[in-house]
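Chains as they are written, first to last, in our numbering: chain L, 193 to 584; chain C, 37 to 482; chain R, 2 to 164.
Glycine residues also receive a C-beta, built at the ideal position from the N, C-alpha and C atoms.
Okay, so here's the structure we're looking at.
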Amino acid sequence: MISELRGWASSAYNWMDERASVRSLLRKGLYEAVPVRGAWFYTLGSATLVLILLQLVTGIFLTLLYVPSVTEAWQSLNYVRQHDAFGSIVRGIHLWSAYVLLFVIGLHMVRTFFSGSYKRPRELNWVTGVGLFVLVLAMAITGAFLPWDQAAYWTAVVVTNIASYTPIIGSFLRALWRGGDTMGPVTLVRTFGIHVWLLPAILFPLIGAHLALLRKHGEFGSYVNYRGAYRAREGVETPPAPTQRRIEPPYPAVPTDELWAAPLETEDFYPYQTFKDGLVSVVLVAVVFLLAVTIGAPLEEAANPATTSYTPVPEWFYLPLDELLVLVPQQLIPLVLVLPAGGVALLLLLPFIDRDAERNPFERPAVMIPGAFAVLFVVILTLLGSGRLFNL
Amino acid sequence: MIHLLPFLDVALPSQAPQGGNLIAARAAIGVGFSIHILLAGLVSGSGELGPAIEFLGYMRQRRRYDRLAHGIARFMTYYFSVSATVAILVMTVLLVGFWGHFWSVMVRIAWWPLVIEALAFIMQVSLAYLWYYTWDPLRNFKALHMAMGGLLAIASFIQVYMIDIVASYMLTPTPPSNPIRLALNPTSYPLTVHRTVGNLAYVGFAVAGFCAIKFLRARTVEDRAFYDWAGSFGLLWGVGMTLFQPIVGYSYAKEIQLHTYASWYKMMRGSLSTVFVWQITLLGLMFLVAAFYFTRRLRTDGAPGHSLLRLMTGGLVLATLLAALPHHLAWTLDDVAAAGLDRPFWQGGLINPLGAMIPWKVLALMAYTLLAIAAVTWYVRGLSGVRWGNAGRGEQRLLIVSTILTVAMIVTMGFIRENGRAPDLIAGQMQIQQQQDVSPQPTPAR
Amino acid sequence: MAVPDRRLSRRRFAILGTQVVAGAVTITLAVPIVGFLISPLFRRERVVEREVGNVADVTGPDPQKFIVTFPQNAWPVPDVPVAVYVVRVGQGYKVLSNVCSHMQCPVRWQPDLGQFLCPCHGGLYDRTGLNIGGPPPKPLPEFVHRIDGNGVLFIQNRFTEQI
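Okay, structure coming up:
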């Protein structure tokens, strides 16, 4: 009986393989080489992907309960909050998955930065990654407008107003987004379209490109996996380099760089890396579920432009910028635009500024020190502004 | 012997001297707390920086990091005991004796933070001594030893955060019925960030100054190389952490402005404004001393990059000049208004528009931060051409000066802080004067 | 011997044709889409006037708040309320909006401070709406208004200066 089933399964598999090349696809997908040490750090990328997919799925189902109209947006969500426990959980997952995603994508970016994974030949991978980071941030900000409660409304007012400080085209940009000078129905419907269609239409192909590039060049991983980490240095007790195992694809069979082109030892993606990826993703998704069920997605009172008692409070990921807005005097307000824009520009240009092949973070202080300070500044600004989260 | 009996009837106070001498009480607490802060800041900073240096040494496989961390651990055991003694003296004798009413109210309000702080302190004490004494025994189990160090760092941070809740509550109180709201009062976050960054910087500068002295007295080549490197490393940490302080301090001052305007006014425009200009001058001097050291150290070995560092030093000189300019050429802004001389000094008035906070001093603060990051990066980049052990005496003097400047800044900051809040002890709730009543008033109902 | 080929070869024709068609499709799509995206910039906002109240109700020196509703500049939706602060200045009145000149957060009058406070970033304005503290770069915007013979105040849904 079992052997008959096995025979049937095997011939079905061959049938599919003749028509869709299933065998080679699976082999290429599952049995690719991944560097051995440091593998837990590489799970951040797949965790980001899992959380984005979770957003996609919950987002699709949210469009079945949400109406993007200034009168009905809040009403539809309030209805769900009061009468639909499962719908409220879906809302909660969408919100908390967004928060955890922003945290994880930040960690992923910091990890790839410090490990020097943006260097040749992976520059395009980094560039698409920065694009993804900006898009995910844009998704988070545009999504925050949609409930059209007090929090959403005032976030929308402030964010669209920041755009107006762009020199020359500032008020043009703000009017483009708001649909005029003032907030209104056009703002909400445009933001809904941007959030649900326009940005995902750019985001998902870019994810595809990012993954395709990763597969083409292979995971770089950490410098400890390469011969470059065993170079003799003064004052350091350097152990001798282990012998190079057979270089598996996708790493180049003829390495262009003896020190950093191919890891000394690799293992199969499936099952070693998939296990680690799966574990980290499951833990994160469980955390998201827990938060969605216990705290859930809040909904404040409906938007009221005439309020004189509401204190707008920024989303946590927006706190560094908001703290800058508090601290920067009026003559220097354009700085609040210049700093993030300059930061993104520097990030995009990073692989072209830092072209040296060295991957050990301790041996490239000219990039690591400003980078470390930038990360610390963002953390410190977030901490300084966090008092406002508690309505103080 | 019986003729000694009349001396026993001398009228000595049988209780702590609560009533009467306000100046003595404030002086006692001021001196006590200054000593305590100078030691406790060192303790907390060492508990955080030491494990970090050990971890860095493990990652870089370099023995000198381990030696430095071990040295910090050893000294931590020395000054920990002194600091704890001073703390107990201050807390139980001075605070209860001179400020009993305030202290009993404060302990009742901040009960949970103080309990958590005591537990964190116990953790800190045990871990600090364990961490030092198990250094050699656990040298083959570095991961375990570093985990212990990590716990020590966490305990140090929690301890600082808890006491900052008490300190920030005194300035910006929130309804004390909810301990979470108490912990999240408007100035607790900025103060904790400010103090944590400051403690780390303080240890860096202390290491720098101490290693400078040890370098000058070193006998062996190995010791000279080590102390030269350690002094430079300490200074790097000191400057690296201090360059966050302009933005952290500005944010802290902003929260004070929003929540206790009178204290802010006193500090920025009133009777303490001159002291604050002095504090910023000290900060600028500290950056300058560090920049001079970087330039000189690289030049001593002919390492690349010292010419660009000279430029950065020039930039820092300009920034310091801008930051240290006083705004009102009188003791307070009210004096200027009262004299009717509310116009620029070139028009016969007492106002210096170039000393205005916005935008000139803000620009100077930004310049400090950016130039310091650039200087640190350029110096570390040039370190590949430096031979440790080769430093001249001038560099070591600069390191010692940086330590002295740090100590001066800490004491000045404490002075500004406590006098800024005066005459209140707990803003809006208790005045300093109330401490001096022999029969203290009952606590107002909350 | 190769003849210089000045005539259009089949290959070149196909290449040119592809490019022209691609260009045509792009332009055909782009013109309406871009036009639609920037159309709000060219729509004139309908100016309406609303009654606020009587200036005699503004008794003390402090600004007095009124709520007025205006229609939105789009398809028929309910009117939105806006807050209006009316303050006595000398012999006349100032009709201020509570839109902060920094990031357009809702400003409120703080009687204990004697100033307008913006809760977002701590901006401060005095009772006449002049920016005196914090990051706001300009005073509070003023509504275009008129006061008729009986002291009734009317405002329009636009400001005296572009905000």
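Going by the C-beta, is Arg260 of chain C closer than 6 Å to any heavy atom of the ligand ADP? With respect to the ligand ADP, the structure shown offers nothing to examine, as it has no ligands at all.
Taking the C-alpha atoms as reference points, what is the distance between Ala204 of chain L and Arg219 of chain L? 17 Å
Quick one: using the 10 Å Cβ neighbour count with 16 as the cut-off for buried, is Gln432 of chain C buried or exposed? buried
To be precise: take each residue of the segment 135 to 157 of chain R, compare its Cβ to all Cβ atoms of chain L, and keep it if any distance is under 9 Å. Which residues remain? Gly135, Pro136, Pro137, Pro138 and Lys139
By alpha-carbon positions, which one of L:Arg283, L:Arg314 and L:Leu236 ends up nearest to Arg187 of chain L? Because chain L is modelled from 193 through 584, residue 187 of chain L falls outside the range shown and cannot be assessed.
Suppose the cutoff is 7 Å on Cβ atoms and the five residues either side in sequence are ignored; what does the same chain contact list for Asp113 of chain R look like? Result list for Asp113 of chain R: empty, nothing under 7 Å.
Closer than 7 Å to chain C by CB, Glu196 of chain L: For Glu196 of chain L, the closest Cβ of chain C is not nearer than 7 Å.
Can you tell me where the alpha helix (DSSP H) holding Asn55 of chain R begins and where it ends? Element bounds for Asn55 of chain R: not the alpha helix (DSSP H) but the beta strand (DSSP E), Glu50 to Asn55.
Closer than 7 Å at the beta carbon, the chain R residues around Val378 of chain L: Ordered by position in chain R, the residues that pass the 7 Å Cβ test against Val378 of chain L are Pro41 and Ala75.
Measure how close the beta-carbons of Ser224 of chain C and Ser204 of chain C come, nearest whole angstrom, since I'm counting them as under 8 Å. 4 Å
Can you find a C-beta in chain C that's less than 7 Å from the C-beta of Leu545 of chain L? According to the sequence displayed, residue 545 of chain L carries Ile and not Leu. No, because no Cβ of chain C sits closer than 7 Å to the Cβ of Ile545 of chain L.
At 3 residues or longer, and completely inside the segment 446 to 490 of chain L: list those beta strand (DSSP E) runs for me, N to C. 458 to 460
Mind checking which residues open and close the beta strand (DSSP E) that includes Tyr94 of chain R? Gly93 to Ser98
Residue from L:Pro543, L:Val520, L:Phe467 and L:Val570 whose Cα sits closest to the Cα of Phe509 of chain L: Nearest in C-alpha terms to Phe509 of chain L, of all of L:Pro543, L:Val520, L:Phe467 and L:Val570, is L:Val570.
Rounded to a whole number of angstroms, what is the C-alpha to C-alpha distance between Met184 of chain C and Tyr165 of chain C? 11 Å
So that I know if they touch, is there some Cβ in chain R lying closer than 7 Å to that of Pro395 of chain C? no
Opposing strand residues paired with His364 of chain C [DSSP bridges]: Paired residues: C:Ile387.
Cβ of Thr383 of chain L less than 7 Å from any chain R Cβ? no
Throw me the rounded Cβ distance for the Leu294 of chain L and Ala332 of chain L pair, which I believe falls under 8 Å. 6 Å
Neighbour flag for Cys121 of chain R against chain L, beta carbons, 7 Å: Output row for Cys121 of chain R: interface = yes.
Length at least 4, wholly inside the segment 138 to 220 of chain C: the alpha helix (DSSP H) runs in chain order: If only uninterrupted alpha helix (DSSP H) runs of at least 4 residues are considered, those enclosed by the segment 138 to 220 of chain C are 147 to 169, 178 to 207 and 215 to 219.
Given a limit of 8 Å on CB to CB distance, which residues of the segment 351 to 377 of chain L reach chain A? Here chain A cannot be found, since the structure's protein chains are L, C and R.
Rounded Cβ spacing between Leu369 of chain C and Arg305 of chain C (contact assumed at less than 8 Å): At roughly 4 Å, the Cβ-Cβ gap stays under 8 Å, so Leu369 of chain C and Arg305 of chain C are in contact.
Please work out which residues of its chain come closer than 7 Å, Cβ to Cβ, to Ala57 of chain R, disregarding the five sequence neighbours upstream and downstream, and give them in chain order. Spatial neighbours of Ala57 of chain R in its own chain (CB-CB distance under 7 Å, excluding positions within 5 residues in sequence) are listed in chain order as Gly152.
Integer-rounded CB distance, given that Gly135 of chain R should sit under 8 Å from His122 of chain R: 6 Å
Suppose the cutoff is 6 Å on Cβ atoms and the five residues either side in sequence are ignored; what does the same chain contact list for Val21 of chain R look like? none
Curious, which full-length alpha helix (DSSP H) runs of at least 4 residues does the segment 90 to 139 of chain C contain? Counting whole runs of 4 or more residues, the segment 90 to 139 of chain C contains the alpha helix (DSSP H) stretches 99 to 124.
Sequence-distant residues of its chain with Cβ nearer than 8 Å to Thr435 of chain L (five each side left out): Leu456
Quick one, which of C:Gly350, C:Leu188 and C:Arg417 has its alpha-carbon nearest Ala327 of chain C's? C:Gly350
Go ahead and pull the three-state DSSP assignment for Ala463 of chain C. coil
I think Cys106 of chain R touches Pro504 of chain L, with their Cβ atoms under 8 Å apart; what is that distance to the nearest whole Å? 6 Å
Below 7 Å between beta carbons is the criterion; list the residues of the segment 515 to 528 of chain L that meet it against any residue of chain C, in chain order. Listed by position along the chain: Glu515, Val518, Leu519, Pro521, Gln523 and Leu524.
Tell me which same chain residues have a C-beta within less than 7 Å of the C-beta of Tyr94 of chain C, skipping the five on either side of it? Closer than 7 Å at the Cβ level, and outside the excluded window around Tyr94 of chain C, lie Lys178 and Met182.
Whole angstroms is fine: what's the gap from Leu174 of chain C's alpha carbon to Leu180 of chain C's? Between the C-alpha atoms of Leu174 of chain C and Leu180 of chain C there is a straight-line separation of about 8 Å.
Contact between the segment 398 to 414 of chain L and the segment 352 to 368 of chain L: three or more CB pairs below 8 Å? no
Residues of its chain near Gly279 of chain L, where Cβ-Cβ distance is below 7 Å and the 5 sequence neighbours each way are ignored: Leu257 and Val272
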